[in-house]
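Here is the structure we will look at.
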Amino acid sequence: MAAIYSLYIINKSGGLIFYKDYGSSGRMDTNDSLRVASLWHSMHAISQQLSPISGCFGIELLQADTFDLHCFQSLTGTKFFVVCEPGTQHMEGLLKHIYELYTDYVLKNPFYEMEMPIRCELFDINLTQAIQKDRVALLAR
Amino acid sequence: MIGVGKIKQYSNVLDKPLSKGKQEVSLSAFAFLFSELVQYNQTQVDNIAELERRLEDAGYAVGARVLELLCHRDKGNRRETRLLGILSFVHSTVWKVLFGKVADSLEKGTEHEDEYMISEKELLVNRFISIPKDMGTFNCGAFVAGIVRGVLDGAGFPAVVTAHFVPVEGQQRPRTTILIKFAEEVLRREARLG
Chain A
3 MAAIYSLYII NKSGGLIFYK DYGSSGRMDT NDSLRVASLW HSMHAISQQL SPISGCFGIE
63 LLQADTFDLH CFQSLTGTKF FVVCEPGTQH MEGLLKHIYE LYTDYVLKNP FYEMEMPIRC
123 ELFDINLTQA IQKDRVALLA R
Chain B
3 MIGVGKIKQY SNVLDKPLSK GKQEVSLSAF AFLFSELVQY NQTQVDNIAE LERRLEDAGY
63 AVGARVLELL CHRDKGNRRE TRLLGILSFV HSTVWKVLFG KVADSLEKGT EHEDEYMISE
123 KELLVNRFIS IPKDMGTFNC GAFVAGIVRG VLDGAGFPAV VTAHFVPVEG QQRPRTTILI
183 KFAEEVLRRE ARLG
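The listed protein sequences derive, respectively, from chains A and B. The opening residue of the first sequence carries number 3 in the working numbering; numbering runs sequentially from there. The opening residue of the second sequence carries number 3 in the working numbering; numbering runs sequentially from there.
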C-alpha cells in the first residue's frame with residue numbers, strides 16, 4: 003500500500019524543479035508532470051483571486067474521488083505538493099518537513115542555482131528517509 | 003546611569019581577560035556564509051583545482067589565527083613542539099573549538115612515514131553540501147585542510163594538507179579524510195629529538 007503517489011516542488015514562476023513518484027499508480031512521464039506543475043501553479047494563483055476571504059493563500063487541499071492533493075506554499079512562493087491516497091492524514095506535517103529538508107540540503111548547497119531543477123544527492127537521501135519514516139508511521143497507526 | 007557598575011571598564015585593552023570563547027554559533031548562519039564563500043570563489047576561478055586552492059587559502063588564515071588564540075587561551079602561551087603533540091592538538095583541541103567535537107580518528111599513513119590522516123564521518127562544512135557529478139573528486143573540506151595547514155605551519159610544522167572523500171563500506175555517504183604530508187625537515191628534526 004503506497005499512501006503517497008507523487009511529490010512535486012515548483013518554483014515561484016511555475017516551473018517544475020523536483021518530481022518524484024512512489025509506487026506504480028499515478029505515474030507520469032516528464033511532459034505530463036511539467037504540465038501538472040504549471041497547471042497547478044495557475045489554478046493556485048486563480049484560487050487566491052477568487053476566494054471570498056481576503057488574505058487567502060490559495061488552495062491547500064484538493065479532494066478528488068481517486069486522490070487527495072495537499073499543497074504547501076512557502077513565503078517565497080515555492081510550492082510543495084503531494085498527491086496521495088484519499089483520506090491520507092498528516093500530510094501538512096510531511097510537507098513542512100520536506101520544506102525543512104529543502105532549506106537545509108538545497109538552499110545551503112553552494113552548487114545549487116536558484117529556481118533551477120534540484121539535483122542534490124543529500125536532499126534525495128534525506129527525502130527518501132522522510133517518506134519511508136512517514137510510511138512506517140502510517141502502517142503503525 | 004544604566005549599566006554602570008555592571009560591567010567593569012578597562013582603560014587598557016591588554017588588561018581585559020580573554021573571553022572564554024564557548025559561545026555557540028548558529029549552524030544555519032555558518033552554512034549560508036560558507037555557501038556564499040564557495041559561490042564567490044567559484045566566480046573567480048576557471049578550474050576546480052584553483053577553487054580548491056582558494057578555499058584552502060581562506061582556511062589557512064583561519065588556522066593561523068586559531069593557533070595563536072588557542073595557545074594563548076588553553077596552553078598558557080606555550081605551543082607543541084613535537085609531531086605527535088601538535089597532531090593531537092589539532093585532532094582534539096582545535097577540532098573541539100571549531101566543530102564542537104573531537105575528530106573521529108587520527109591515524110598514521112600505512113604507506114609513507116610522513117603521512118597522517120584525520121578522518122571525519124561527516125565534516126561540518128560538508129553537512130549540507132552535495133557535490134555535482136561533473137565536479138569529480140572536489141571536496142569543500144579543502145577549507146578545513148587549509149585550517150589544519152595554517153595551524154601546522156604556524157607551529158613550525160610545514161606540511162601539505164589535502165581533503166579527500168573515502169567511500170565507507172555499507173555507508174551511503176563517503177567520509178572525509180584530511181591527509182597531512184609533512185615536509186622532510188620536520189621528520190629530520192623529529193628524528194634528531196628522538
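Every residue, glycine too, gets a C-beta built ideally from N, C-alpha and C. Just so you know, these numbers come straight off a predicted model, no measurement behind them.
- The beta strand (DSSP E) runs of length 3 or more contained entirely in the region 14–87 of chain A are, from start to end of the chain, 18–23, 63–65, 70–75 and 81–86.
- DSSP, read as helix, strand or coil, puts A/Y114 in coil.
- Runs of the alpha helix (DSSP H) lying entirely within the region 93–162 of chain B, each at least 4 residues long, are 97–101 and 144–156 in chain order.
- The beta carbons of B/Y62 and B/G148 sit about 4 Å from each other, so the pair counts as a contact at 8 Å.
- Identification of chain B residues near A/N128 by a Cβ-Cβ cut-off of 8 Å yields none; the smallest Cβ-Cβ distance measures about 10 Å.
- Within the region 158–190 of chain B, the complete beta strand (DSSP E) runs of at least 3 residues fall at 161–168 and 177–184.
- Counting the other CB atoms within 10 Å of its CB gives A/S8 a total of 16 or more, which places it among the buried residues.
- For B/H93, the number of other beta carbons within 10 angstroms of its own is at least 16, and it is reported as buried.
- Take A/L64, set aside five residues on each side of it, and the residues of its chain with a beta-carbon closer than 6 Å to its own are L71, in chain order.
- Going by beta carbons, B/V146 and B/V162 fall outside the 8 Å limit.
- With distances taken between CA atoms, B/S21 lies nearest to B/L72 out of B/A51, B/G152 and B/L72.
- The region 118–128 of chain A makes no contact with the region 49–63 of chain B: fewer than 3 CB pairs, one atom from each, lie closer than 8 Å.
- In the structure shown, A/L9 falls within a strand segment according to DSSP collapsed to helix, strand and coil.
- For A/K98, the enclosing alpha helix (DSSP H) stretches over residues M93 to Y107.
- Counting along the chain, B/T45 sits inside the alpha helix (DSSP H) bounded by residues L29 to Q46.
- Chain B has no Cβ within less than 8 Å of the Cβ of A/F20.
- Taking 8 Å as the threshold, the shortest C-beta distance from A/P119 to chain B does not fall below it.
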